[in-house]
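Visitor: If you scroll down you'll find the structure; I have some questions about it.
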Amino acid sequence: GIRMLHFDGWRIGEVIVKKHVAITKALADESRLRTLMALRQGELCLCQLIDLLGLAPSTVSKHVSVLQQAGLVEQRKEGRWHFYSLAGTESSAEVEEALKWAQQSLRDDPVILADAQQLDEVRQKDLVQLSACYRS
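With the numbering used here, the residue at position 96 of the sequence shown is 236, and numbering never jumps.
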């Protein structure tokens, strides 16, 4: 069964607390927030996220893994490609609220606006060429 925690007089299921901790942890990083905001415009390949963020492939993989574990993003594989998108309509209320908060609070952020412009260029690039930097 679910262990119950006592918190300021409320009984909270441990599972719910862990879900909130995972979401909060996922939102507590600039690169992960940039990733979420980039995915507002639609799904992106891992190589496109690497190009946009300008980080090492292993670092970007770790970031999307944290977002995925929190339920904020979904992954789809197509051959050797890994595509990511924001969580779908069947996501929990906590996930929906977290995504809504991120989108509302960051929409006018200068870094997010610059990413949106750069994303137009990133989407034009060939996926094979983008992935060449980290595939052997």
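All C-beta atoms in this analysis are idealised placements derived from N, C-alpha and C, irrespective of residue type, glycine included.
Under the rule that 16 or more other beta-carbon atoms within 10 Å means buried, what is Trp150, buried or exposed?
Guide: Along the sequence shown, read from residue 1 onward, the residue named residue 150 stands at position 10. Any reading at Trp150 must be qualified, since the residue scores a pLDDT of 49, below 50, and its modelled position is unreliable; the value itself is stated next. Exposed: under 16 other Cβ atoms inside 10 Å.
Visitor: Roughly how many angstroms separate the alpha carbons of Gln215 and Gly228, rounded to a whole number?
Guide: Here residue 215 is taken as the residue at index 75 of the sequence shown, counted from 1. Here residue 228 is taken as the residue at index 88 of the sequence shown, counted from 1. The alpha-carbon atoms of Gln215 and Gly228 are separated by roughly 11 Å.
Visitor: Quick test of your reading: Ser271 and Cys187, contact by CB under 8 Å. State the CB separation rounded to the nearest angstrom.
Guide: Along the sequence shown, one-based indexing puts residue 271 at 131. Along the sequence shown, one-based indexing puts residue 187 at 47. Their Cβ separation, rounded to whole angstroms, is 4 Å, which keeps Ser271 and Cys187 in contact under 8 Å.
Visitor: For Asp266 and Ala256, what's the separation of their Cα atoms in angstroms?
Guide: The sequence position of residue 266 within the sequence shown is 126, counting from 1. The sequence position of residue 256 within the sequence shown is 116, counting from 1. Cα to Cα, the separation comes out at about 18 Å.
Visitor: Which whole-angstrom value is the C-beta distance of Leu176 and Ala242, which I expect to be below 8 Å?
Guide: Numbered from 1 along the sequence shown, position 36 holds the residue referred to as residue 176. Numbered from 1 along the sequence shown, position 102 holds the residue referred to as residue 242. With a Cβ gap of about 5 Å, Leu176 and Ala242 count as contacting.
Visitor: Could you have a look at Leu212 and say whether DSSP puts it in helix, strand or coil?
Guide: Position 72 of the sequence shown, counted from the start, is the residue given in the question as residue 212. Note: Leu212 maps to coil in three-state DSSP.
Visitor: The ligand FAD heavy atoms versus the CB of Ala272: any closer than 7 Å?
Guide: The ligand FAD is absent from the structure shown, which contains no ligands of any kind.
Visitor: Over what stretch of residues does the alpha helix (DSSP H) that includes Ser171 continue unbroken?
Guide: For this step, residue 171 is matched to residue 31 along the sequence shown. From DSSP, the alpha helix (DSSP H) with Ser171 extends over 170-178.
Visitor: Output yes if chain B places a C-beta closer than 8 Å to the C-beta of Gln243; else output no.
Guide: Among the protein chains of the structure shown there is no chain B, as only one such chain exists.
Visitor: Note the first and the last residue of the continuous alpha helix (DSSP H) segment covering Ser245.
Guide: Counting from one through the sequence shown, the residue named residue 245 turns up at place 105. It spans 233-246 - the alpha helix (DSSP H) in which Ser245 sits, taken as one unbroken run.
Visitor: Which residues does DSSP pair with Leu226 in a beta bridge?
Guide: On the sequence shown, residue 226 is found 86 positions in, with the first residue counted as 1. Answer by DSSP bridge pairing, in chain order: Val213.
Visitor: Would you kindly check if the distance between the Cβ of His203 and the Cβ of Ser171 is under 8 Å?
Guide: Here the question's residue 171 lines up with position 31 in the sequence shown. Here the question's residue 203 lines up with position 63 in the sequence shown. A contact, by the Cβ cut-off of 8 Å.
Visitor: Just list the residues that DSSP pairs Cys187 with in beta bridges.
Guide: Locating residue 187 in the sequence shown gives position 47, where the first residue counts as 1. Looking at the DSSP assignment, Cys187 forms no beta bridge with any residue, so it has no partner.
Visitor: Among the candidates Lys159, Arg180, Glu183, Glu261, whose CA atom is the shortest distance from the CA of Gly211?
Guide: The residue you call residue 211 lines up with position 71 of the sequence shown. Of the listed residues, the one whose Cα sits closest to Gly211 is Lys159.
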